[in-house]
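Here the structure is laid out as structure tokens; the discussion comes afterwards.
Number of protein chains: 2
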Amino acid sequence: MSVTPLPVTLDDIREAAEQIAQHAHRTPVMSSRLVDEWLGCRAVFKCENLQRTGAFKFRGACHAVMSLSDTEAACGVVTHSSGNHGAALAEAARIRRIPAYVVMPETAPSVKRAAVEGYGAQVTECSPTLEAREQTAARVINETGASFIHPFDDLRIIAGQATAAVELHDEVAELDVIVCPVGGGGLASGTALATRFLSPDTEVVLGEPEAVDDAFQSLKQGRFVPADDSPTIADGLKTSLGEHTYPILRDHVSRIVTVTEDEIIEAMRFLWTRMKLTIEPSSAVAVAAIRRESERFDGQSVGIIISGGNVDLDHLPWIEQPA
Amino acid sequence: MSVTPLPVTLDDIREAAEQIAQHAHRTPVMSSRLVDEWLGCRAVFKCENLQRTGAFKFRGACHAVMSLSDTEAACGVVTHSSGNHGAALAEAARIRRIPAYVVMPETAPSVKRAAVEGYGAQVTECSPTLEAREQTAARVINETGASFIHPFDDLRIIAGQATAAVELHDEVAELDVIVCPVGGGGLASGTALATRFLSPDTEVVLGEPEAVDDAFQSLKQGRFVPADDSPTIADGLKTSLGEHTYPILRDHVSRIVTVTEDEIIEAMRFLWTRMKLTIEPSSAVAVAAIRRESERFDGQSVGIIISGGNVDLDHLPWIEQPA
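If you're matching them up, the sequences are chains A and B in order. Counting in the numbering used here, the first sequence runs from 89 upward without gaps. Counting in the numbering used here, the second sequence runs from 89 upward without gaps.
Printed below as a string of structure tokens:
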């Protein structure tokens, strides 16, 4: 099987780490005896829910924004995003004092829209289809000259997201396994590459909702399979892989574990209860993947990237509410 | 005005810190730009919700359990507690491999009872009155010979709780203000004494629910005023001060700020949303106190002890549920 040359090098990742160092948090790594018992392994959690803007997305967005030339930056940045990338890009733009334009589907959770606007971005709503998003973004670019920053299929973004795994490997040596969720594959690609460079014996496992298992199908079938429009509580993961991320995951990921909606909710609730951390459903997907395969990871040292903590607190999946 | 001699010395607190060091977490100190804007000050949060058993209570309970002689310890320990102290005592007893007996009101949140039992304690239910709790505890002592460990009115407990403020002062020098909630006064007494010893220029402020403002009334009237039985969402604070804690607070606390139920819920929700931490209503009381007096603390350096994170996730105060 042929392997695509690496599009992101360790130097690229180191450069990203250096560039975001003064803006991004070095998030804490946490563990819990009760969670270890529940998962059947020694788990450490890289808490990107405690990252600026509440998700790992700030790493990539910050790196992309800081990489722009002054001339490019002056016209601002634009993206389409279901929320976390939009908030992250808005915050990065605020730091660089440039405009941010965010195209969001009208179905995005209110808490995410409020966050994006709170960071000072201009939001343009569109229909919840990829086509509508791309057309709306193109219109904004024409009007403003802003640089488009893709939520995941961009090498600067991938290098930025990789810095979370860099910090985790730096803090916890010789992990047997590293796990993160996969949606568009930005975090997954960065995690896989950082791990290949820094801890090549560590197995890279991804968690994905069974309801939107396009990455699982892509790796299984050996060809890009797009996501369909099935609903999942892990709304941040309803995205197809990209031109950059698909080959990276194909070549550098050991395997993908799919989990049910109930398993996602169970894992989310367990971490809220036991670790006192609010984690979003997408993050719970990675935890649920370990829980599902607990026999396989029995007693192993497992690093889990908790991708974010942006949750609509008015609607929690385990609480029945009036219609 | 006469001042009672100090019942707990800096040496006592140092000894407690040393004794619990290998068992308790040194919890992280966190901050958030958005929370600072909301509060109008520079706030640092000592995250005791991330302490073992999910609350600062583990510090005092662990110190008390480890202080017992082997003969005393062999018969176990007993307490009455609405939950967090019970869980903490159970966990400390588990570590020392001795029995723990916990008397709990039948009205305690299910999550707290489950936690206490999960740590291996034997729970005895009683009516939700102080008298019933004390009588039931006395019966258990008669039957087992266990040592009674009061939830707050015990000098070992106070010395143990003081260690949270010790760590905070150690990490953040020259706080203008330190704030914690007050219920029975164990944490408040420990915080006040540690601050007096280690950072005497720091103002000690307590937050208390307006609905159960017995500590506020006690300090205002200069005499012990017991708590009545009014309901508050901050159920951990529905407790009168004790023989030890009342004089300590009278002599070493600058003032008490009372807050409404709505203010408690608002602060709780704000920290969940912005800091991705689950904090319990009692902890939110301290945050709400700063928010209420934001003009007074304008621009100051404020340390807030987040006392715990044990919440019944099936019932959140801002979510309407079917009756």
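Just so it is clear, CB atoms sit at the ideal spot from N, CA and C, and this is done for glycine as well.
Proximity of Trp126 (chain A) to chain B, defined by a Cβ-Cβ separation below 8 Å, is not satisfied.
Of the candidates B:Phe385, B:Asn398, B:Thr333 and B:Asp402, the residue whose Cα lies closest to the Cα of Thr366 (chain B) is B:Asn398. Residue state for Gln210 (chain B) is assigned as strand, using DSSP reduced to three classes. Just so you know, the alpha carbons of His173 (chain A) and Val211 (chain A) end up roughly 13 Å apart.
When DSSP states are grouped into helix, strand and coil, Phe236 (chain A) belongs to the strand group. Here the region 130-141 of chain A makes no contact with the region 214-230 of chain A; the two share fewer than three CB pairs at distances below 8 Å. Interface annotation for the region 201-232 of chain A against chain B: empty, criterion Cβ-Cβ distance under 7 Å. Leaving aside the five residues that flank Met154 (chain B) on each side, the residues in its chain whose CB is nearer than 6 Å to its CB run, in chain order, Gln107. At a beta-carbon threshold of 8 Å, the residues of chain A lying near Asn137 (chain B) are Lys364, ordered along the chain. Rounded to the nearest whole angstrom, the C-alpha separation of Gly387 (chain A) and Cys129 (chain A) is 4 Å. Taking Arg227 (chain B) as reference, the option from B:Ile378, B:Arg311 and B:Val166 with the minimal CA-CA separation is B:Val166. Contact with chain B is absent for Leu275 (chain A), since none of that chain's Cβ atoms lies less than 8 Å from the residue's Cβ. Separation of the CB atoms of Leu263 (chain B) and Thr290 (chain B) is rounded to 5 Å, and the pair is thereby assigned contact status at 8 Å. Assignment of Val390 (chain B) by DSSP, reduced to helix, strand and coil, places it in the strand class. As summarised for the region 249-301 of chain A, the continuous alpha helix (DSSP H) elements at least 4 residues long and confined to that stretch are 274-286, given in chain order. With the criterion set as a beta carbon lying under 8 Å from some beta carbon of chain B, the members of the region 332-359 of chain A are Arg357, in sequence order. The region 302-311 of chain B makes contact with the region 325-343 of chain B: 3 or more CB pairs, one atom from each, lie closer than 8 Å. Residues of chain B whose Cβ lies closer than 7 Å to the Cβ of Gln409 (chain A) are, in chain order, Ile407, Glu408 and Gln409. Closer than 8 Å to the CB of Asp402 (chain B) there is at least one CB belonging to chain A. Comparing alpha carbon positions, the residue from B:Glu408, B:Ile321 and B:Leu359 closest to Pro369 (chain B) is B:Ile321. Sequence-distant partners of Gly271 (chain B) (beyond 5 residues in either direction) whose C-beta falls short of 6 Å from its own C-beta, in its chain, are Gly324, Leu325 and Thr327. By the Cβ neighbour-count rule, Gly310 (chain B) is exposed, with fewer than 16 other Cβ atoms within 10 Å of its own. Here DSSP, grouped into helix, strand and coil, assigns Gly330 (chain B) to coil. Here the region 344-359 of chain B lies against the region 370-390 of chain B, with 3 or more beta-carbon pairs under 8 Å apart.
Per DSSP, Thr159 (chain A) is one residue of the alpha helix (DSSP H) stretching across Asp158 to Ala162. CA-to-CA, the gap between Val373 (chain A) and Pro405 (chain A) works out to about 14 Å.
Residue state for Thr97 (chain A) is assigned as coil, using DSSP reduced to three classes.
Gly397 (chain A) has a beta carbon lying within less than 8 Å of a beta carbon in chain B.
In its chain, beyond the 5 residues on either side, Ser287 have a beta carbon closer than 8 Å to the beta carbon of Ala261 (chain A). Going by beta carbons, Ala253 (chain A) and Ile245 (chain A) fall outside the 8 Å limit. DSSP links Pro193 (chain A) through a beta bridge to A:Cys214.
Straight-line spacing of the CA atoms in Ala188 (chain A) and Ser277 (chain A) works out to 25 Å. For Gly171 (chain B), there are no neighbours in chain A by C-beta distance under 8 Å, as the nearest C-beta there is about 14 Å away.
From the beta-carbon of Pro116 (chain A), the residues of chain B found nearer than 7 Å are Pro116. Residues Gly171 and Asp400 of the same chain have their beta carbon placed closer than 7 Å to that of Pro197 (chain B), with the five preceding and five following residues left out of the count.
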